[in-house]
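Be aware that the sequence shown starts at 4, since it is given in the numbering used here, and climbs by one per residue.
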Amino acid sequence: MAALTAGPNSWGERSRFTAARRSYYDLATSGKDDIVFSRKMLKLIQAISKKDQVVAAIKDAILSGAIEPGDQIVESRMAQELGSGIPLVREALIALEHQGFVQKTPYKGTTVTKLEPKQIREIFQLRVELEALAIAWAKENVTPADIKELKVLIESMERAATELDLDQFYENDLDWHRKLWVLSGNAYLADVLERLVVPLFAFFVMKTKREREAYIESAAMHGQIVEALAQKSARELRALMKESLMGWKDDMMKLLFTENSRGRKTL
């Protein structure tokens, strides 16, 4: 089992920690003599930090292969191994479920995300059509500020690709897609894509490793789509998104079900 780290290590975890710390700092420097509230804020910061450490420890164990796809995670056993309380582990698993790394199913509990070839193909059948629809609708809603935000995410992807920080690359990649889903203006479509796509991203993070150039090319493709979002028609956008997603699916299927990043046949 991976050891606990000193603090939050993903963008979402770092931002929550920073926000809480900033709130506490603002209170401390405001001149208010509210010791009780200050102590509550300090406890909040400590609680966030501890949860983020547990999230990081479990994620590290998953990414390192110490916990394999399909393995069940028993809260009491995990709490004992990490030296933390069960409620903290439960909160961490909720966060990891949101990130797609674990799944909760009735009568089975929490397991590490595992997808079979047939499941991936079926997910992509839906994803290709729905995400192409999402970007066509996004065309009607996108603003210059949105374009700038999408480009910033691509720049972060490029940096992560150069450094081969795959966890950060996929996190920025997923945030980029989420932004497009929201821009579609249809909350139901965004929700369906969230449930379909997030486990895919997490599973790919766990099971694949590509050359640096492949990640740089992927970031460049995202850049082409953003440029098209500002210049092309909705029909052209749909075609471009479908082409991009199908190419990605083919690459991932080859990587997932031939040789994985540890040199073993997968699944």
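Virtual Cβ for every residue (Gly too), placed ideally from N, Cα, C. The model shown is predicted, which means the values in this text are computed figures rather than measured ones.
Alpha-carbon to alpha-carbon, A135 and A242: The residue labelled residue 242 in the question sits at position 239 within the sequence shown. The residue labelled residue 135 in the question sits at position 132 within the sequence shown. If you take the alpha carbons of A242 and A135, they lie about 7 Å apart.
Option nearest V131 by Cα separation, candidates F260, D253, L258, K257: As a working mapping, residue 131 is identified with position 128 in the sequence shown. The shortest C-alpha separation from V131 is found at D253.
Whole-Å CB distance - L118 paired with I61, under 8 Å assumed: For the purposes of this step, residue 118 is identified with residue 115 of the sequence shown, where counting begins at 1. For the purposes of this step, residue 61 is identified with residue 58 of the sequence shown, where counting begins at 1. Between L118 and I61 a beta carbon distance of about 19 Å is seen, past the 8 Å cut, so the two are scored as non-contacting.
DSSP beta-bridge partners of G86: Here residue 86 is taken as the residue at index 83 of the sequence shown, counted from 1. According to DSSP, G86 bridges with nothing at all.
For E220, the nearest candidate out of G250, K182, I126 (CA to CA): Residue numbering aside, residue 220 sits at position 217 when the sequence shown is read from its first letter. Its Cα nearest to that of E220, the residue G250 stands out among G250, K182, I126.
Span of the beta strand (DSSP E), counted from its first residue to its last, around T272: The structure shown does not extend to residue 272, since the chain spans only 4 to 270, so no value can be given for it.
Residue interval of the alpha helix (DSSP H) (run including K245): Here residue 245 refers to the residue found at position 242 of the sequence shown. Here the alpha helix (DSSP H) through K245 covers 237–259.
Cβ-Cβ separation, T113 to K107 (assumed contact under 8 Å), whole Å: Position 104 of the sequence shown, counted from the first residue, corresponds to residue 107. Position 110 of the sequence shown, counted from the first residue, corresponds to residue 113. A Cβ-Cβ distance of about 5 Å is found for the pair K107 and T113, placing them in contact under the 8 Å criterion.
Where K54 sits in the DSSP three-state scheme: Translated into positions along the sequence shown, residue 54 becomes position 51. Of the three classes helix, strand and coil, the one that applies to K54 here is helix, per DSSP.
Pairwise C-alpha distance: Q83 and N189: As a working note, residue 189 is residue 186 in the sequence shown. As a working note, residue 83 is residue 80 in the sequence shown. Approximately 43 Å between the Cα atoms of the pair.
Residue(s) in a DSSP beta bridge with T108: Translated into the one-based positions of the sequence shown, residue 108 becomes position 105. For T108, which the question treats as bridged, DSSP gives the partners G112.
C-beta contact flag for F104 and A205 at 8 Å: Residue mapping note: residue 104 aligns to position 101 of the sequence shown, counting from 1. Residue mapping note: residue 205 aligns to position 202 of the sequence shown, counting from 1. Contact: yes.
Short CB-CB distance (under 8 Å) between E134 and chain E: Of the protein chains in this structure there is only one, and it is not chain E.
Secondary structure of I70, DSSP reduced to three states: In the sequence shown, residue 70 corresponds to position 67, counting from 1. Secondary structure at I70: coil, using DSSP grouped into helix, strand and coil.
Length of the line joining the Cα atoms of Q102 and V208: Here residue 102 refers to the residue found at position 99 of the sequence shown. Here residue 208 refers to the residue found at position 205 of the sequence shown. When rounded, the distance between both Cα atoms is 11 Å.
3-residue-minimum beta strand (DSSP E) runs that sit fully inside the region 95–175, ordered along the chain: List check, beta strand (DSSP E) in window: 105–108, 112–115.
Nearest-angstrom Cα separation, counted from M81 out to Q234: Within the sequence shown, residue 234 is the residue found at index 231, counting from 1. Within the sequence shown, residue 81 is the residue found at index 78, counting from 1. Here the alpha carbons of M81 and Q234 stand approximately 51 Å from one another.
Contacts around A164, its chain only, beta-carbon distance under 7 Å, and the 5 residues preceding and following it disregarded: As a first step, residue 164 is located in the sequence shown; it is residue number 161 there, counting from the start. F172, R215, Y218, I219, A222, listed in sequence order.
Beta-carbon proximity check, W184 vs L177, cutoff 8 Å: Within the sequence shown, the letter at position 181 stands for residue 184. Within the sequence shown, the letter at position 174 stands for residue 177. L177 sits away from W184, with the two beta carbons spaced by 8 Å or more.
For E166 and M244, the rounded distance between their alpha carbons: As a working mapping, residue 244 is identified with position 241 in the sequence shown. As a working mapping, residue 166 is identified with position 163 in the sequence shown. Near 26 Å, if we compare the C-alpha coordinates of E166 and M244.
At least three beta-carbon pairs within less than 8 Å, the region 87–95 to the region 63–71: Contact fails: fewer than three Cβ-Cβ distances are below 8 Å.
Distance, P147 Cα to R198 Cα: For this step, residue 198 is matched to residue 195 along the sequence shown. For this step, residue 147 is matched to residue 144 along the sequence shown. The alpha-carbon separation between R198 and P147 amounts to approximately 28 Å.
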